[in-house]
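S.K.:
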Amino acid sequence: MWTRKAVELLENVHCGKFDADTRTTLTLAHQITDSNAAFFDAANNFAGCITGLHEVLRRQGLLEGIWTLNPDEVLSPGQKEEIDRIYRAYPHLNDDAFVAENLDKWLK
């Protein structure tokens, strides 16, 4: 999820951007961990991990819905609200604008 931002982060790590900035490094680490916890549904023993990822892809327009082959596989109670919170709290981590710019090209 949010792959382009992850690639940018890795490039910054490789070039040493975070070497002397412990505060930024730890803040970003917390934000990424918090995001992953919501998407992968850590609070519910990962029960909604597939549908959580599908929800992010649906929001980006890459999937039409969050369904899976197992109709019982759904978002856990409160997981959608957690994903909403992540979107509000960490807009700098998502790559939705990048996806929107390229969506038509990718879906051709």
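So for the sequence shown, numbering that gives the first Met the number 0 puts the first residue at 0; every next one is plus one. Just so it is clear, CB atoms sit at the ideal spot from N, CA and C, and this is done for glycine as well. As the structure is a computational prediction, the values presented were derived from the model and not from experiment.
So which of Leu92, Lys104, Leu102 has the shortest CA-CA distance to Val6?
M.R.: Leu92
S.K.: Assess contact between the region 62-80 and the region 6-21, defined as three or more Cβ pairs (one per stretch) separated by less than 8 Å. Is contact present?
M.R.: The region 62-80, when compared against the region 6-21, does not touch it at the 8 Å Cβ threshold.
S.K.: If we count the other Cβ atoms within 10 Å of its Cβ and call it buried at 16 or more, is Gly51 buried or exposed?
M.R.: buried
S.K.: Quick one: using the 10 Å Cβ neighbour count with 16 as the cut-off for buried, is Glu54 buried or exposed?
M.R.: buried
S.K.: Would Ala37 and Gln78 qualify as a contact pair, given that the criterion is a beta-carbon distance under 9 Å?
M.R.: In contact: Ala37 and Gln78 (Cβ atoms closer than 9 Å).
S.K.: What does the alpha-carbon distance come out to for the pair Cys48 and Leu25?
M.R.: 25 Å
S.K.: To which residues of the same chain is Arg3 closer than 6 Å at the C-beta, ignoring the five residues directly before and after it?
M.R.: The residues are Asp94, Phe97.
S.K.: When we look at the beta-carbon of Cys9 and count the other beta-carbons within 10 Å, is it buried (16 or more) or exposed?
M.R.: It should be noted that the sequence gives Leu, not Cys, for residue 9. Its Cβ having fewer than 16 others within 10 Å, Leu9 is exposed.
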